[in-house]
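Structure first, then comments.
Residue numbers (the numbering used here): 3 to 327.
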């Protein structure tokens with residue numbers, strides 16, 4: 003029997019879906035504002051200058067013009083939303099205060115254009131966002147009230163959760179986000195893996211885990227972009243992404259506040275798991291904006307096996323160099 007008019011999932015837009023989630027009007031407004039900002043970001047990605055902006059962010063990384071522009075677009079939209087008090091961006095060296103009051107307002111941590119170095123070779127990139135109630139951004143990721151990412155690939159897709167299911171929306175030819183998949187769930191175990199970092203800098207536990215995956219016949223699927231790699235694991239419902247501690251870089255590469263917390267929140271609410279090798283990512287209490295941590299994220303069983311290999315490797319070597327408290 004055909005669906006009643008206006009009830010097909012492809013006719014449900016983002017705002018309508020959010021209003022059914024039992025969340026505040028301010029949070030609905032904020033998520034929709036971020037979605038609107040992404041329309042300007044994708045236009046910049048498709049048409050903007052690929053040159054270097056001539057500045058560096060606080061981590062000493064060269065900022066591309068698109069990084070700077072995407073950050074400006076997102077920040078301006080957040081400030082003018084009227085529902086945000088504090089803003090932290092991977093491209094800023096301190097928290098930006100939009101409003102002094104925290105009553106009924108939110109704080110936002112975001113990476114405006116994750117993987118921006120991939121744009122000039124025409125690979126997928128994305129925006130990552132974590133949202134907290136009130137003005138405190140340095141708190142465990144489990145306290146997020148919402149998390150989302152927007153993937154700028156062959157299609158533009160937006161994935162969000164407010165703690166009650168994970169949902170995907172796709173931008174149509176009118177630049178509207180309409181529901182594509184609702185209540186996305188992860189399997190217990192997968193057969194694909196995306197390993198970041200130089201393998202010759204892996205510790206023994208991670209190296210043995212990779213060999214275990216290879217022996218199982220798991221397929222290597224790594225793009226070099228955090229958003230497209232996590233999106234692949236989530237949409238296929240199976241697999242694992244990892245960026246472990248490395249020799250010389252015991253905290254890995256990815257930042258807790260801007261990248262790991264939002265993705266871990268999404269994956270956990272899809273039935274998956276995310277760990278730094280010792281504790282869940284969402285239980286880490288960040289002490290600074292630039293704090294980093296190793297990550298193993300994806301199917302629960304895959305993450306558990308990864309952390310088991312890591313612990314066995316530490317026990318065998320007696321090496322505490324990779325411990326990330």
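Glycine included, C-beta positions come from ideal geometry on N, C-alpha and C.
Small disclaimer: the values here were computed from a predicted structure and weren't measured.
Per DSSP, the unbroken beta strand (DSSP E) holding residue 169 starts and ends at 169-173. When DSSP states are grouped into helix, strand and coil, residue 87 belongs to the strand group.
Residue environment: residue 288 is assigned as buried (16 or more neighbouring CB atoms within 10 Å of its CB, all protein chains considered). With a contact defined as Cβ atoms closer than 8 angstroms, residue 315 and residue 246 miss out at about 11 angstroms. As computed with DSSP, residue 150 is found in a beta bridge with 131 and 162. DSSP places residue 42 in the helix class (H, G or I) of the three-state scheme. Here the C-alpha atom of residue 189 lies approximately 22 angstroms from the C-alpha atom of residue 225.
By the Cβ test, the stretch 31-44 is in contact with the stretch 156-172, since at least three Cβ pairs between them sit closer than 8 angstroms.
Taken through DSSP and simplified to helix, strand or coil, residue 229 comes out as helix. Cα atoms of residue 284 and residue 276: separation of roughly 8 angstroms, rounded to the nearest angstrom. Counted as a single uninterrupted DSSP element, the stretch harbouring residue 292 is not any beta strand (DSSP E), since DSSP gives it neither H nor E. Counting only residues of its own chain and dropping the five nearest sequence neighbours on each side, residue 91 has a CB closer than 8 angstroms to the CB of 73, 76, 77, 98, 111, 112, 113, 114 and 260. The beta carbon of residue 184 sits closer than 6 angstroms to those of 169, all from its chain and outside the five residues before and after it, given in chain order.
Setting aside the 5 residues that flank it on each side, residue 244 is surrounded in the same chain by 197 and 298, each with a C-beta closer than 6 angstroms to its C-beta; the list follows chain order. Using a C-beta cut-off of 8 angstroms, the stretch 151-162 makes no contact with the stretch 198-214, since fewer than three inter-stretch Cβ pairs fall below that distance. Of the candidates 105, 306, 84 and 279, the residue whose Cα lies closest to the Cα of residue 205 is 279.
Annotation: the stretch 197-266 contains the following complete segments of the beta strand (DSSP E) (minimum length 3 residues), in chain order: 242-245. Under the three-state reduction of DSSP output, residue 13 falls in the helix class. Residue 192 sits in coil when the DSSP states are folded into three classes, being neither helix nor strand. A distance below 6 angstroms between beta-carbons, with the five flanking residues on each side excluded, links residue 158 to the following residues of its chain, in chain order: 44 and 173. Three or more pairs of CB atoms, one per stretch, sit closer than 8 angstroms, so the stretch 263-271 contacts the stretch 138-146.
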